[in-house]
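Written out below as C-alpha cells is the structure these notes cover.
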Amino acid sequence: MNFDFSDDQKLLRDQARKFLQDKCDRSVVRSILEDNKQKYSKELWKDICEMGWTGTVIPEEYGGLGLGMLELCVIAEELGRSLAPIPFSSSIYLFAEFVKSYGSEDQKKKYLPRIASGDIVGTFALSETNGTPRPNNIKANVSDEKLNGEKTPVNDGEVADIIIVAANS
Numbered sequence: 001m002n003f004d005f006s007d008d009q010k011l012l013r014d015q016a017r018k019f020l021q022d023k024c025d026r027s028v029v030r031s032i033l034e035d036n037k038q039k040y041s042k043e044l045w046k047d048i049c050e051m052g053w054t055g056t057v058i059p060e061e062y063g064g065l066g067l068g069m070l071e072l073c074v075i076a077e078e079l080g081r082s083l084a085p086i087p088f089s090s091s092i093y094l095f096a097e098f099v100k101s102y103g104s105e106d107q108k109k110k111y112l113p114r115i116a117s118g119d120i121v122g123t124f125a126l127s128e129t130n131g132t133p134r135p136n137n138i139k140a141n142v143s144d145e146k147l148n149g150e151k152t153p154v155n156d157g158e159v160a161d162i163i164i165v166a167a168n169s
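The sequence shown maps to residues 1 to 169 in UniProt numbering.
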C-alpha cells in the first residue's frame, strides 16, 4: 500500500511551504504574540483567502475548490509548520465542515461561499466548563428563542463573525 502523496499533493505542499516561507516568517508570528490587540494576522489571512485555501474542501457549487480532506491536511500541515497566526482551523475544520455536513441548503448557500472567500470567520462552540463535550454534558439551552449558558474554550471566538453553538432546546 502506497502512503505517499500524489504528484498534485506534493506540488500543493511545495507551493504552500514556499508561500508561507515568504509571507509568514517568525516576525509575523512574534508580532501577533506581542500585540495584545491583534488576535491574528489579517494580512496573512487575506493572502491565504486569495490563494483559495479557505475553500479547499468547500464544494465548487458554493464557491470552494472542491478538493478532498487530504489536500486540506497538506495545507494544514504547512500552516502548522509555519505557526501561521490565523483562524483557519476554526473556520474550515469546525465551522465549514459542520455547515457542509449538517446545514440546510439555505445555510450552505448563505455561509459556505462567505467562508470560502474569507468574508467571514466562523467557529463552533461545543465545550463547557463541566468537562468533555458529550451530549449529556451540554447544559447550554435555548428557551423562548434565547440562548443561555457558557461555552469555554471557543477557538477563535473573539474574532469569529459567526459561531455555531451546541445547545439543548
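Ideal Cβ placement from N, Cα and C applies to all residues, glycine included.
Assignment of alpha helix (DSSP H) within the stretch 79-133, counting only whole runs of 4 or more residues, yields 97-102 and 105-117 in chain order. For ILE120, the closest C-alpha among the options LYS39, ALA140, ILE163 and GLU71 is that of ILE163.
According to the DSSP secondary-structure assignment, LEU44 is paired through a beta bridge with no residue.
Around the beta-carbon of VAL142, fewer than 16 other beta-carbon atoms lie within 10 Å, marking it exposed.
With fewer than 16 other Cβ atoms from the protein chains shown falling within 10 Å of its own Cβ, LYS18 counts as exposed. In the DSSP assignment, SER143 falls within the unbroken beta strand (DSSP E) covering 141-143. Listed in chain order, the non-local C-beta contacts of LYS109 below 8 Å within the same chain comprise TYR62, local neighbours out to five positions each way being set aside. The three-state secondary structure of VAL57, taken from DSSP, is coil.
Apart from sequence neighbours up to five positions away, the residues of its chain that approach GLN9 with a beta-carbon distance below 8 Å are LEU70, GLU71 and VAL74, ordered along the chain.
Taken atom to atom, the span from the alpha-carbon of THR123 to that of SER90 is near 5 Å.
Taking the C-beta atoms as reference points, PRO85 is found no nearer than 9 Å to VAL154. Its Cα nearest to that of ALA16, the residue THR56 stands out among THR56, ASP4, PHE98 and MET1. In the same chain as CYS24, and ignoring 5 residues on each side of it, the C-beta atoms closer than 6 Å to its own belong to LEU44, SER82 and ALA84, in chain order.
Membership of VAL154 in any beta strand (DSSP E) is not indicated, and neither H nor E is assigned to it by DSSP. Taking a contact as a CB-CB distance under 8 Å, the pair CYS49 and GLY118 counts as one, their CB atoms being some 3 Å apart.
Exclusion of the five residues before and after GLY64 leaves GLY55, ILE58 and ALA116 as the residues of its chain whose Cβ lies within less than 6 Å of its Cβ.
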